[in-house]
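Protein sequences, first through last, are from chains A and B. Just so you know, we're using our numbering here: the first sequence kicks off at 68 and counts up by one. Just so you know, we're using our numbering here: the second sequence kicks off at 68 and counts up by one. Glycine residues also receive a C-beta, built at the ideal position from the N, C-alpha and C atoms. Presented below is the structure to which this report refers.
Protein chains: 2
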Amino acid sequence: MHEENENICYSLEGVTDVICKKWALLIINVVGNYRKVRFNTLMEELQGVSPKTLSDTLKKLQNEGLIRRESFAEIPPRVEYTLTEDGIELRKAIIPLLEWATRRNN
Amino acid sequence: MHEENENICYSLEGVTDVICKKWALLIINVVGNYRKVRFNTLMEELQGVSPKTLSDTLKKLQNEGLIRRESFAEIPPRVEYTLTEDGIELRKAIIPLLEWATRRNN
DNA sequence: CGGTATCCTGGCTGATACTG
DNA sequence: CAGTATCAGCCAGGATACCG
Chain A
68 MHEENENICY SLEGVTDVIC KKWALLIINV VGNYRKVRFN TLMEELQGVS PKTLSDTLKK
128 LQNEGLIRRE SFAEIPPRVE YTLTEDGIEL RKAIIPLLEW ATRRNN
Chain B
68 MHEENENICY SLEGVTDVIC KKWALLIINV VGNYRKVRFN TLMEELQGVS PKTLSDTLKK
128 LQNEGLIRRE SFAEIPPRVE YTLTEDGIEL RKAIIPLLEW ATRRNN
């Protein structure tokens, strides 16, 4: 139960790192939507992101254990990104935030 | 209802600005905890923030309409910050995120 | 296709000192 | 008390080109 005035003393140490990454939450959400998604699909989906930034952010999210990367030795090469369990949890946690953001933009 | 694989197409335009600010969510949360809070209390609560950064972030949050600033013509001067309705909504929206963060840090 | 490599830049962020 | 002024640094983020 969460009352409006409840005192919340959570620490965000180490999480601001994830949250503050400009594209991180977007990526989490998009990957969650697709379940499996490839690099260039992400590039299209996240309009305006540069390959470097996307690559960097994906690596960071991998290190955080939020995203899984699976590459296939094919030609042409194929790489698929999926959410880990932690990533799925995070995605659930940001849904209210996304909803708030959407209400706000309209 | 939110199923795990539901497709969520929210746009975060303009919200990443708020979210990515390093201290923004912390401030929203702390102000929400206190209901009314003064500058120096925030300084203590947000360990490591500089007055400039705090001041800048507060201004930004005011411009976004998330925080209200009320100053009293007293000596010594007194200024109180409170959440606007939008701010309260945002605070509610980030609670799951804070919980997730807390679980994660332990 | 799925990235690196390289370079660049703006603004976030902080330290410190000072003021109305 | 509640900030501003000033200075400075770093690095996230972007543009572009290229590679395995």
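Q. What residues from chain A crowd round B/Ser86, counting only those whose CB sits closer than 8 Å?
A. Position 19 of the second sequence, counted from the start, is the residue given in the question as residue 86 of chain B. Before going further, note that residue 86 of chain B is Ile rather than Ser in the sequence given. Simply Ile86, Cys87, Leu92 and Leu164.
Q. Expressed to the nearest angstrom, what Euclidean distance is found between the alpha-carbon atoms of A/Ile162 and B/Glu166?
A. Numbered from 1 along the first sequence, position 95 holds the residue referred to as residue 162 of chain A. Numbered from 1 along the second sequence, position 99 holds the residue referred to as residue 166 of chain B. Rounded to the nearest angstrom, the two C-alpha atoms are 13 Å apart.
Q. Can you tell me where the beta strand (DSSP E) with A/Ile94 in it begins and where it stops?
A. Here residue 94 of chain A refers to the residue found at position 27 of the first sequence. Segment Ala91 to Tyr101 is the alpha helix (DSSP H) holding A/Ile94; no beta strand (DSSP E) there.
**Q.** B/Leu157: contacting residues in chain A (beta-carbon distance under 7 Å)
**A.** Numbered from 1 along the second sequence, position 90 holds the residue referred to as residue 157 of chain B. The answer, in chain order, is Trp167.
Q.
Only counting the same chain, and skipping five residues up and downstream in sequence, which positions put a Cβ closer than 6 Å to that of B/Ala168?
A. Translated into the one-based positions of the second sequence, residue 168 of chain B becomes position 101. Contacts found: none.
Q. Helix or strand or just coil, what does DSSP make of A/Glu70?
A. For the purposes of this step, residue 70 of chain A is taken as residue 3 along the first sequence, with counting starting at 1. Confidence at A/Glu70 is low in this model, with a pLDDT of 41, below 50, so its placement is unreliable and the value that follows should be read with caution. Note: A/Glu70 maps to coil in three-state DSSP.
Q) For A/Thr169, which three-state DSSP category applies? A) Your numbering for residue 169 of chain A matches position 102 in the first sequence. If DSSP states are grouped into helix, strand and coil, A/Thr169 belongs with the helices.
Q. So, B/Pro86 versus B/Thr124, is the Cβ gap smaller than 8 Å?
A. Walking along the second sequence from the start, residue 86 of chain B turns up at place 19. Walking along the second sequence from the start, residue 124 of chain B turns up at place 57. A small correction: the amino acid at residue 86 of chain B is Ile; Pro does not occupy that position in the sequence shown. Not a contact, by the Cβ cut-off of 8 Å.
Q: Throw me the rounded Cβ distance for the A/Val97 and A/Leu113 pair, which I believe falls under 8 Å.
A: For the purposes of this step, residue 97 of chain A is identified with residue 30 of the first sequence, where counting begins at 1. For the purposes of this step, residue 113 of chain A is identified with residue 46 of the first sequence, where counting begins at 1. Your pair A/Val97 and A/Leu113 checks out as a contact, with CB atoms roughly 7 Å apart and the cut at 8 Å.
Q.
Could you compute how far the alpha carbon of B/Asp153 sits from the alpha carbon of B/Leu133?
A. On the second sequence, position 86 is the one that residue 153 of chain B refers to. On the second sequence, position 66 is the one that residue 133 of chain B refers to. Their backbone Cα atoms lie some 5 Å apart in a straight line.
Q. With burial defined as no fewer than 16 other Cβ atoms inside 10 Å of the residue's Cβ, what is the status of B/Arg105: buried or exposed?
A. Sequence index remark: in the second sequence, residue 105 of chain B carries index 38 (1-based). Exposed, since its Cβ has fewer than 16 Cβ neighbours within 10 Å.
(Q) Rounded to whole angstroms, what is the Cα-Cα separation between A/Lys119 and A/Leu164? (A) Taking the first residue of the first sequence as position 1, residue 119 of chain A is located at position 52. Taking the first residue of the first sequence as position 1, residue 164 of chain A is located at position 97. Their Cα atoms are separated by approximately 27 Å.
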